[in-house]
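Trainee:
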Amino acid sequence: LDLPVDRHRRALAQHPEFAGLVAKYTIPHYRAGYRMVIIPLTRPLSAGDLRLIADAGETFGHGTIRLTADVSIRLPNVPEALLRPLFAALTRGGLYDAVPQKMAA
Numbered sequence: 002l003d004l005p006v007d008r009h010r011r012a013l014a015q016h017p018e019f020a021g022l023v024a025k026y027t028i029p030h031y032r033a034g035y036r037m038v039i040i041p042l043t044r045p046l047s048a049g050d051l052r053l054i055a056d057a058g059e060t061f062g063h064g065t066i067r068l069t070a071d072v073s074i075r076l077p078n079v080p081e082a083l084l085r086p087l088f089a090a091l092t093r094g095g096l097y098d099a100v101p102q103k104m105a106a
């Protein structure tokens with residue numbers, strides 16, 4: 002069987018950049034197979050950025066986002082199998098840089 006968890010583990014092993022994003026920008030969920038994704042705020046967000054984040058929450062999570070006091074937005078309840086397409090979408094939208102920047106204050 003080629004289960005989603007197996008594909009996720011292969012992607013981590015085969016793509017170091019993806020593995021780095023998962024290590025730096027996700028938090029384990031209490032439920033196995035899920036992560037909370039951290040979107041760092043390294044610059045002011047545009048309306049388009051906010052739409053992208055909202056769409057990502059609906060497409061890859063359970064339709065919710067969390068705003069935090071530590072200068073980040075969090076997408077809870079993201080299945081590990083969807084992390085790679087989620088990071089690809091957010092990276093295309095400019096929300097993750099190749100070289101992480103300092104958080105905006």
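Mapping of the sequence shown onto the working numbering: residues 2 to 106, in sequence order.
A virtual CB, placed ideally from N, CA and C, is assigned to each residue, including glycine.
If I'm right that SER73 touches LEU46 with Cβ under 8 Å, what's the distance once you round it to whole angstroms?
Mentor: Between LEU46 and SER73 the Cβ distance is about 11 Å, and since that is not below 8 Å, they are no contact.
Trainee: If we ignore side chains and look at the alpha-carbon of each, how far apart do GLY110 and GLY58 end up?
Mentor: The structure shown does not extend to residue 110, since the chain spans only 2 to 106, so no value can be given for it.
Trainee: Write down the C-beta distance between ILE39 and ILE54 rounded to the nearest angstrom, noting that I regard them as a contact closer than 8 Å.
Mentor: 12 Å between Cβ atoms; not a contact.
Trainee: Mind checking VAL100: buried by the 16 CB within 10 Å criterion, or exposed?
Mentor: Legend: pLDDT at VAL100 = 49, less than 50; position of this residue unreliable, value from coordinates given subsequently. The residue in question, VAL100, is exposed, as its Cβ has fewer than 16 Cβ neighbours within 10 Å.
Trainee: For VAL23, which residues does DSSP report across the bridge?
Mentor: Bridge partners of VAL23: none, in fact.
Trainee: Could you work out which residue in ARG85, GLY34, ALA90 is closest to GLN15 when comparing CA atoms only?
Mentor: Of the candidates ARG85, GLY34, ALA90, the one whose C-alpha sits nearest the C-alpha of GLN15 is ARG85.
Trainee: Can you give me the C-alpha to C-alpha distance between ALA90 and LEU68, rounded to a whole angstrom?
Mentor: Each residue's alpha carbon lies about 20 Å from the other.
Trainee: Which value, in whole angstroms, describes the spacing of the CA atoms of ASP7 and LEU22?
Mentor: Roughly 18 Å separates the two Cα atoms.
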